[in-house]
Structures are given as structure tokens and as C-alpha cells.
Amino acid sequence: GDNYVFRFDPASGALDIVSNVVEEPNGLAFSPDESVLYVSDTSAALRRDGGGHHHIVAFDVVGGRTLARPRIFAVVEPGLADGFRIDDRGWLYTSSADSVQVYHPDGTRLAAIPMPEKVGNLTFGGPERDELYICATTSLYRIRLHAHGIQAP
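Have a look at this one:
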């Protein structure tokens with residue numbers, strides 16, 4: 004069947020489809036100014052034929068209600084972008100098979116933070132939101148960064 008990205012309007016209770024171009028949508032996050040929505044496509048994890056995707060798609064957010072101009076933001080290798088977060092500079096931190104990969108808002112990979120286990124998800128925490136908590140196969144890791152995770156308005 005089809006896979007969608009939805010927008011929920013809490014004021015009206017409406018649930019609207021805003022995209023059907025991502026084969027297997029998984030994680031999602033907004034840029035700090037909410038002008039870009041990032042959605043991971045983890046369809047490679049479900050396909051036995053070697054196909055599928057392991058990338059993050061970026062969409063422009065138009066009027067706070069619709070998505071436009073889908074484009075491949077980053078291809079995550081090895082592994083998948085199962086979970087990701089954005090810092091206050093707009094840098095994207097994503098899980099992968101062997102590291103936490105860090106991307107600039109223009110899609111350039113800035114760094115890979117090596118991890119001893121497969122990374123599943125991550126989040127910012129701590130009083131200053133400058134600690135990155137990383138869920139791996141059997142462990143939880145914490146790294147202090149010179150960055151701060153964004154907070155919802």
C-alpha cells in the first residue's frame with residue numbers, strides 16, 4: 004500500500020496527507036525555523052531484493068501547511084537514518100550502522116562520530132540541551148557537544 008506523511012491540525016482535528024513520495028517514511032524533524040521538513044526513508048530495511056532507500060528527503064514547508072520541492076538531502080551509509088535530530092544551527096544528527104553522522108543544512112556531511120554499536124535513535128538532553136543521548140544495540144551513550152538541540156516553540 005501507499006505510505007504517507009501527514010499533517011495534523013489540532014485546532015480542527017483534520018488529518019491531511021502532505022506527501023506520498025517517500026517509500027517508507029520513518030523519522031522526521033523540522034529545521035530550526037520550520038521552513039524545511041526532513042523525512043527519513045528506510046525502505047532498504049524492508050526490501051529483500053537489495054533495493055529500497057536509506058536516505059533523508061528534505062521538503063520546503065509552504066505556509067505551514069503544505070510541502071514542496073522534495074529532494075534527497077543525504078544518503079546515509081552504512082545503515083539507515085532510523086532516528087535523527089536537529090541542533091540550533093540547523094545541523095542534522097542521524098543514526099547509522101556504525102556512527103552518528105552530522106550534516107550541514109546544505110546536505111554536506113560534516114562528521115561521523117564513531118560508535119561501538121549500531122545506532123538506533125538519538126536525542127538532545129541536559130539543562131542546556133548540549134548532550135547527545137544515543138540509543139545503540141545494547142547501550143545508551145551520552146556525548147557532550149558544542150551545540151544545542153532545538154526545542155519546540
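Counting from 1 along the sequence shown, just add 3 to a position and that's the residue number in our numbering.
In this text, a Cβ means the ideal position worked out from N, Cα and C, and glycines have one as well.
Residue nearest to residue i in terms of C-alpha spacing, selected from the options
i, options, result
"D133", "P119, A84, I89 and A115", "I89"
"E37", "L70, V21, V64 and Y144", "V64"
"G67", "V79, R10, G30 and L49", "R10"
"T141", "G128, K121 and Q154", "K121"
Pairwise C-alpha distance: residue j and residue i
i, j, result
"S75", "Q104", "It should be noted that the sequence gives Ile, not Ser, for residue 75. Between I75 and Q104, the C-alpha separation is close to 16 Å."
"R147", "E131", "10 Å"
"P117", "A17", "42 Å"
"H58", "D85", "10 Å"
"S98", "S15", "35 Å"
"F87", "P13", "24 Å"
"A115", "L95", "12 Å"
"Q154", "L40", "15 Å"
Where residue i sits in the DSSP three-state scheme
i, result
"A48", "helix"
"S15", "coil"
"R132", "coil"
"S142", "coil"
"A96", "Note that residue 96 is Tyr in the sequence shown, not Ala. Note: Y96 maps to strand in three-state DSSP."
"N124", "strand"
"G55", "coil"
Residue range of the beta strand (DSSP E) that includes residue i
i, result
"L70", "T69 to V78"
"Q104", "S102 to Y106"
"A115", "R112 to P117"
Cutoff 8 Å: residue i Cβ touching any chain C Cβ
i, result
"V78", "The structure shown contains no chain C; it is built from a single protein chain."
Ordered list of beta strand (DSSP E) runs contained in the region 21 to 48, each at least 3 residues: The qualifying runs are 28 to 33 and 39 to 44.
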